[in-house]
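Numbering (the working numbering), first residue to last: 9 to 130. For each residue, glycine too, the CB sits at the ideal point set by N, CA and C. Source: prediction; values computed, not measured. Beneath this line is the structure, given in C-alpha cells, with notes to follow.
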Ligand SMILES: [Zn+2]
C-alpha cells in the first residue's frame, strides 16, 4: 500500500469559566513525496497544529482561557524543583530522603533520652 496523502486535524476547546468556551482548530492535508515516511509527516503536522492552536488560545482576550493554558508549575514541597506528572506533592526520591533523615533524627533523640547524648559541662 502506498500512502500518497495524509490529513491531520488538531482541535482544542477551553472552558472560559463563564458558561462558554473558546475553540481553535488546525487542519492540514499534505501530499507524501516519494521516500517520505507518512507517519513522520503526521507527527510533524500534529506538532504544528498543537503549537498553532495553543498559541491561538494563549492569546485569547479571556483571562480564564489564558490561565487554563498557562497553569502554575507544580513544585516539589521538599526541593522546590518542578514535579513530574506522576508525582503528587513531592518527588518520590525527596520523600524517601526526608523519611531517612527523620529516622536518623529520631535515633539521635533516643540516644539523648538515654543520657548518652551531649554531656552538660556542669
Ligand atoms: Zn523534590
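Quick check on the burial criterion: 16 or more other C-beta atoms within 10 angstroms. Buried or exposed for residue i?
i           : result
residue 99  : buried
residue 37  : exposed
residue 57  : buried
residue 108 : exposed
residue 34  : buried
residue 32  : buried
Is the beta carbon of residue j closer than 8 Å to that of residue i?
i          : j           : result
residue 53 : residue 16  : yes
residue 90 : residue 102 : no
Among all the DSSP beta bridges, which residues are the ones paired with residue i?
i          : result
residue 14 : 38
residue 19 : 33
residue 83 : 90
What is the C-beta distance between residue i and residue j, in whole angstroms, given that I count them as a contact (C-beta under 8 Å)?
i          : j          : result
residue 82 : residue 74 : About 19 Å separates the two Cβ atoms, so there is no contact after all.
Q | Those residues, in chain order, that have a beta-carbon closer than 6 Å to some heavy atom of ligand 1 | A | 84, 86, 87, 89, 98, 99, 102
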